[in-house]
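Worksheet for the structure shown next.
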Amino acid sequence: MTRSPRDFPRRLDLARGRIELQHGGGGRAMTQLVEELFVAAFANPALCALNDQAVLPPPAGRLVLATDAHVVSPLFFPGGDIGSLAVNGTVNDVAMAGAQPLWLAAAFVLEEGLPLAELARIVESMARAAHAAGVAIVTGDTKVVEAGKGDGVFITTTGVGVARDGVDTGGDRARPGDAVLVSGPLGEHGIAVMACREGLAFDVPVRSDTAALHGLVAALLDAVPAAAIRVLRDPTRGGLGATLNEIARASAVGMQLREAAIPVREPVRAACEFLGLDPLYVACEGRLLAVCAPEHAGALLAALRAHPLGQGAALIGHCVSDPQHCVELETVLGGRRVVDWLAGEQLPRIC
7 MTRSPRDFPR
17 RLDLARGRIE
27 LQHGGGGRAM
37 TQLVEELFVA
47 AFANPALCAL
57 NDQAVLPPPA
67 GRLVLATDAH
77 VVSPLFFPGG
87 DIGSLAVNGT
97 VNDVAMAGAQ
107 PLWLAAAFVL
117 EEGLPLAELA
127 RIVESMARAA
137 HAAGVAIVTG
147 DTKVVEAGKG
157 DGVFITTTGV
167 GVARDGVDTG
177 GDRARPGDAV
187 LVSGPLGEHG
197 IAVMACREGL
207 AFDVPVRSDT
217 AALHGLVAAL
227 LDAVPAAAIR
237 VLRDPTRGGL
247 GATLNEIARA
257 SAVGMQLREA
267 AIPVREPVRA
277 ACEFLGLDPL
287 YVACEGRLLA
297 VCAPEHAGAL
307 LAALRAHPLG
317 QGAALIGHCV
327 SDPQHCVELE
337 TVLGGRRVVD
347 WLAGEQLPRI
357 C
């Protein structure tokens, strides 16, 4: 990429400037935005070529492709922001297939009037998250909508990775008797976003758990035979409850859980009680759910707890034969209740 003084007489004013419609119009203003903000932050050979696509070397192995749109409100929240979320969310979708993420594409829908300082902060956060995850953002797109027709910025990311040989973690592989594990306390992302959005202050602040989980997945695959891990999922929208129902339906099994074994930190539990929410349905962005062969549950739990992102892991239940594919919870009081599909939208725009 070569530039002359004629290209951009003045640099972007990242301190005081705002997004204008011309930043999505395909002309000089858009090129300057792309080069001085996005390319500068995400710099890598494929992106710096400034083509409409990335030409990448073919990796050996099965390709895994995932895409995720991010519309979280507010854009910044305790523990993260829409930028880090856009990277980690797609990295995790790729990782749940037992894959090593390699590349990301990112598409931005920007609202006219968005402060460039906010956009720069988001882009820098994406760059840090991508670097931490070991992935490159190799291509992208930018569109601008009129003021009042967006909400600052929406980001869609698409990820490509390579799955390990012999790994199959699809949601249809759970069997009766299999153990169900989670990697840590639930509900922290959803409560962090909701509290920030509504201006709620709790005695103990709750931070989002957003994190890239491919390293944790790799540790699990190193700890037990690949066939022992039946299912891997990240319980995002709809939380644990929705994810378990999806697996139960796809695998044609039921599930029995123990409420006392499900990890929920006290600040999250208290916030859920205050807001009238069930923590089983509150989104996580840095936790995984694993279904595994029962004879390997102990080794898998130990591997989870040995990793920094799995120290709060727990074995929370098991799969059973049930033609109704029901997810049932044994409560702390000794009763039983059905953990059904989530009705409606409990927490809108949390990812």
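Under the working numbering, the first residue of the sequence shown is numbered 7, with each subsequent residue one higher. Where a beta carbon is used, it is the ideal one built from N, C-alpha and C, also for glycine. All values reported here derive from a predicted model rather than from experimental measurement.
Integer-rounded CB distance, given that residue j should sit under 8 angstroms from residue i
i, j, result
"Gly-165", "Thr-242", "Actually they are not in contact, since the Cβ atoms of Gly-165 and Thr-242 sit about 15 angstroms apart, beyond 8 angstroms."
"Arg-293", "Ser-189", "5 angstroms"
"Ala-133", "Ala-47", "4 angstroms"
"Ala-225", "His-302", "Not quite, the Cβ-Cβ distance comes to about 14 angstroms (not below 8 angstroms), so this is no contact."
"Leu-222", "Gly-316", "6 angstroms"
"Ala-60", "Thr-163", "About 14 angstroms; that fails the 8 angstroms criterion."
"Val-212", "Ile-197", "5 angstroms"
"Leu-53", "Ile-143", "7 angstroms"
Closer than 8 angstroms to chain C by CB, residue i
i, result
"Arg-343", "The structure shown contains no chain C; it is built from a single protein chain."
Alpha carbon of residue i to alpha carbon of residue j, nearest angstrom
i, j, result
"Arg-179", "Ala-299", "10 angstroms"
"Glu-41", "Arg-17", "11 angstroms"
"Ala-257", "Gly-177", "A small correction: the amino acid at residue 257 is Ser; Ala does not occupy that position in the sequence shown. Straight-line Cα distance between these residues: approximately 7 angstroms."
"Leu-284", "Glu-130", "It should be pointed out that residue 284 corresponds to Asp in this sequence rather than to Leu. Taking the straight line joining both Cα atoms gives about 34 angstroms."
"Ala-103", "Asn-94", "15 angstroms"
"Gly-193", "Trp-347", "17 angstroms"
"Gln-38", "Ala-92", "23 angstroms"
"Leu-321", "Gly-245", "17 angstroms"
"Thr-73", "Pro-107", "12 angstroms"
"Ile-161", "Asp-99", "16 angstroms"
"His-29", "Glu-152", "11 angstroms"
"Pro-11", "Ala-35", "Unreliable positioning characterises Pro-11 in this predicted model, as indicated by a pLDDT of 47, which lies under 50. A coordinate reading is not provided."
"Gln-330", "Ala-309", "33 angstroms"
"Ala-49", "Val-115", "21 angstroms"
"Leu-306", "Ala-296", "9 angstroms"
"Val-199", "Val-77", "12 angstroms"
"Ala-319", "Ala-229", "15 angstroms"
"Pro-354", "Ala-55", "38 angstroms"
"Glu-291", "Val-274", "15 angstroms"
"Glu-26", "Asp-58", "22 angstroms"
"Gly-350", "Asp-184", "30 angstroms"
Nonlocal neighbours in the same chain, by C-beta distance under 7 angstroms from residue i, ignoring five residues either side
i, result
"Arg-24", "Gly-119, Leu-120, Pro-121, Leu-122"
"Gly-154", "none"
"Leu-328", "The sequence as given places Asp at residue 328; Leu does not occur at that position. Excluding residues within five positions, the ones whose Cβ falls inside 7 angstroms are Val-259, Gly-260."
"Cys-202", "Pro-80, Phe-83, Pro-84"
"Leu-20", "Leu-122, Ala-123, Ala-126"
"Val-338", "Glu-265, Ala-266"
DSSP-derived helix/strand/coil call for residue i
i, result
"Leu-320", "Sequence inspection shows Ala at residue 320; the Leu mentioned does not correspond to that position. If DSSP states are grouped into helix, strand and coil, Ala-320 belongs with the strands."
"Thr-337", "coil"
"Ala-142", "strand"
"Cys-54", "helix"
"Phe-44", "helix"
"Arg-34", "helix"
"Arg-311", "helix"
Same chain only: Cβ atoms within 6 angstroms of residue i, ignoring 5 sequence neighbours per side
i, result
"Asn-251", "Val-333, Trp-347"
"Val-326", "Pro-182, Gly-260, Gln-262"
"Val-173", "Gly-104, Ala-232"
"Ala-248", "Leu-348"
"Ala-139", "Val-97, Ala-218"
Neighbourhood of residue i by C-beta distance below 8 angstroms, restricted to the same chain and skipping five residues each side
i, result
"Val-168", "Pro-65, Ala-66, Gly-67, Arg-68, Leu-69, Val-70, Ala-105, Gln-106, Leu-108"
"Leu-344", "Position check: residue 344 holds Val in this sequence, whereas Leu was assumed. Closer than 8 angstroms at Cβ, skipping near neighbours: Cys-332, Val-333, Glu-334, Leu-335."
| task | Output the residue ranges of the beta strand (DSSP E) runs that lie fully inside the segment 223–309 and measure 3 residues or longer, sorted by chain position. | result | 235–239, 260–264, 295–298
| Which ranges does the alpha helix (DSSP H) cover as unbroken runs of at least 4 residues, wholly within the segment 165–222, from first to last along the chain? | 194–204
| Complete alpha helix (DSSP H) runs within the segment 61–133 (minimum length 4 residues, chain order) | For the segment 61–133, whole alpha helix (DSSP H) runs of length 4 or above, ordered along the chain, are 88–101.
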